[in-house]
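The UniProt record's numbering applies: residue 1 is where the sequence shown begins, and numbers increase by one. For every residue, glycine included, the Cβ atom is placed at its ideal position computed from N, Cα and C. Here is the structure we will look at.
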Amino acid sequence: MVRQYQTLVGRPRPVSTASGAAIYWIFVAALLVSVTACTIGPDFTAPVAPLAEKFRDVDNRSARSGPLEYQNWWEGFRDPTLNKLIQIAYNQNLTLLSAGTRVLQARAVLGIAIGISYPQVQQGAGSVIYNRTSAATPLSAPNATPSYFWTDAVAAQAAWELDFWGKFRRGVESADGAYLASIASYDNVLVSLLGDVTATYIGIRTTEQLIGIARDNVRRQEQALSIANAKFKGGGTSELDVFQATNVLEQTRAAIPQLTIQLQQGENALCVLLGVPPQSLGMLLSRSVGRIPSPPRTVVVGIPADLLRRRPDVRAAELAALAQSAQIGVALTQLYPAISITGAFGGSASTANGHTLGDVVSWKGVTYAAGPSFQWNLLNYGQITNNVRLQDARLQQLLVDYQNTVLSAQQEVDNGLVTYQQSRNQAEFLRRSVVAANGALRIALEQYEQGATSFTTVLTAEQNLFQAQNSLAGALASVPLGLTAVFRALGGGWQIRVDGNFVTAATVDQMRARTDWGILLPPTSAPQPPAPGLPGPEDIGPTVRPPEW
């Protein structure tokens, strides 16, 4: 049930000095009320984050605490091709561009919230009407209305709900928090993009190496088959050796098509990350084919407390809670009266009563009204109170989500660290295994040719070597993948973002051609990023630089 009480001061007469003064003091009072208004609702307090003093398995030979250098962490792999891929993805990735447009949406919502704080109704109207009365109307009376006459009118009205309880200030606070959260979400997409490009590139190089390993083993096994054929034709062995050698050889050959599928799928995934249709990346990837990026020997990971200010999803979770906290205040204002100042000013004239159309702007045609009013929600049957409870429960959920995000961040860092460190140890063991397997195969072939051992020994040695080489390639890939996961979990990389530019210059041109964006978008004269497409290997520079949007 809503009851509205309104007191209007006004009558259709010329504006006197006294009435003008009354209007003046009404608006002065409104301004004073706005200045002295309070802001109800809880003020946001950053939630307590469950943090460890340091990450597990640090301060050893490969990971240690200290100042973290994470802005261009991928450059630590010393791979120019990877650097170029990062630059292309930053310029052209569509998921990142979509996140940038969400920032613009949130900024527009903030502008709306700010605008609502000002007089909510500001309208003007006017009309000029030609009238004709019935020809049967008698005109004998001295004041009879003529058959043909004009009437015109102009009017303006305004209404301003004063922010006495902080309803609009809390709304701006909420919208501002959501806007900042959208920027943090953009940064989080950028961090994920950098990690995805790096991991996909490592996967491609690993698959190339596995294909090379398979082809090398095909050549070795072809030699073993030739030896078995020669011995069989010479009567030195049965055809069983030939069949066994052929079986192992064809199985090794069969691995190559499957690896080729993985390679093309990896390239297709990389194309999507680069913002281009699936296509061959042969020219771009022609450098260092099959070379898995080598990470630095040591990495500085900082301390868990750094995650709170560096990791974007942690910032986004905190800002989302801030925005929701302000919504509690917005809901609480519904329990209090809404105080407004309303006013109307207008004039009218008609040729029917001897006036001219120009009299509409003269004092004798003016009508005005102004005064305060209030609305108060009564007997709402618990709707407002339960809405406050709803907003508070949503805030509590976001606070819990924030704490969970912090815990998950520490878990991801620790998981990446243990993968990085233990994969290095595993790679050392597997290198020795490959050396031993090579020696075993060499001796087995020599002994088989001399008749000192069976072909089963050769087959076992071939299979052991193939398996050891594949395992070594996997371990060598796990080292940079683990380090990539570490930097991704640490929130590294978003710092390359150019402040204030969340969309490409081409997108700016498209949006400005449709809509007036004012200062919310950079000017259309901003430098254009490279046209979508892929460069050749000659375009790959030694370092990566942020795009100049």
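Hey, could you find the ends of the beta strand (DSSP E) T81 is sitting in? For T81, there is no enclosing beta strand (DSSP E); the residue is found in the alpha helix (DSSP H) stretching over P80 to Q92.
C-alpha gap between R512 and N93, whole angstroms: 21 Å
P372 (DSSP reduced to helix, strand or coil): strand
Please list, in chain order, all residues of the same chain as D392 whose beta carbon is under 8 Å from its beta carbon, the five residues on each side excluded. I328
With distances taken from CA atoms, which of Q120, T151 and A125 is nearest residue 555? This structure cannot speak to residue 555, because the chain is shown only from 1 to 549.
For the segment 203 to 212 against the segment 254 to 269, do three or more pairs of beta-carbon atoms, one drawn from each stretch, fall closer than 8 Å, so that the two count as touching? yes
Sub-8 Å separation of A316 and A181 beta-carbons: yes
Member of P293, G343 and L407 whose CA lies at the smallest distance from the CA of V48: Selected option, being the one with the closest Cα: L407.
Helix, strand or coil for Y130 per DSSP? strand
How many angstroms separate the CA atom of L110 from the CA atom of P304? Rounded to whole angstroms, L110 to P304 spans 33 Å at the Cα level.
Name the one or two DSSP bridge partners that G177 has. Note: G177 sits in no beta bridge, so no partner.
Tell me the DSSP bridge mates of S340? E161 and S373
Measuring CA to CA, which of Y201, R497 and Q221 is closest to N268? Y201
Considering Cα atoms alone, identify which of S98, G482 and F44 is closest to V301. The residue with the shortest Cα to Cα distance from V301 is G482.
Looking at the structure shown, is F345 part of a helix, part of a strand, or coil, going by DSSP? DSSP places F345 in strand when its eight states are reduced to three.
Cβ pair S471, T419 closer than 8 Å: Cβ atoms of S471 and T419: not closer than 8 Å.
Using DSSP bridges, identify the partner residues of A156. G124 and F345
Can you name, in chain order, every residue of its own chain whose Cβ lies under 6 Å from the Cβ of L335, other than the five neighbours on each side? I384
What are the partner residues of T367, as DSSP defines its beta bridges? G346
Quick one: Cα of V508 to Cα of D176, how far? 23 Å
Cβ shell of Y179 (< 6 Å), same chain only, five flanking positions each side left out: A106, R107 and L110
Which word fits G347, buried or exposed, when buried means at least 16 other C-beta atoms lie within 10 angstroms of its C-beta? buried
Using only CA atoms, which one of L82, R169, R497 and L307 lies nearest to residue 550? The structure shown does not extend to residue 550, since the chain is modelled only from 1 through 549, so no value can be given for it.
Since I believe E412 is in contact with A224 (beta carbons under 8 Å), could you give me their beta-carbon distance rounded to a whole number of angstroms? About 46 Å separates the two Cβ atoms, so there is no contact after all.
Using DSSP with H/G/I as helix, E/B as strand and the rest coil, what is E318? helix
Considering only the beta carbon of each residue, do G416 and A475 sit closer than 8 Å? no
Which residue's Cα is closest to the Cα of S280: G343, G266 and E222? Among G343, G266 and E222, the Cα nearest to that of S280 belongs to G266.
For W165, I'd like the list of residues in its chain whose CB is within less than 6 Å of its CB, leaving aside the five on either flank, ordered along the chain. Counting only Cβ-Cβ distances below 6 Å, and skipping sequence neighbours, we find I40, T333 and Y336.
Applying the 10 Å Cβ sphere with the 16-neighbour rule, what's the burial state of T456? exposed
Measuring straight from C-alpha to C-alpha, what distance separates P295 and N91? 25 Å
Buried or exposed: where does W74 fall if 16 or more other Cβ atoms within 10 Å of its Cβ makes it buried? buried
Using the C-alpha atoms, what's the distance from I339 back to Q122? 17 Å
Are the CB atoms of N425 and L465 nearer to each other than 8 Å? no
Buried versus exposed, by CB contacts within 10 Å (16 or more), V400: exposed
Helix, strand or coil, according to DSSP, for G536 in the structure here? No answer about G536 holds up, because its pLDDT of 44 lies below 50 and its placement is not dependable.
With a CB to CB cut of under 7 Å and the five nearest residues on each side skipped, what residues in its chain are close to Y402? P47, A317, E318 and A321
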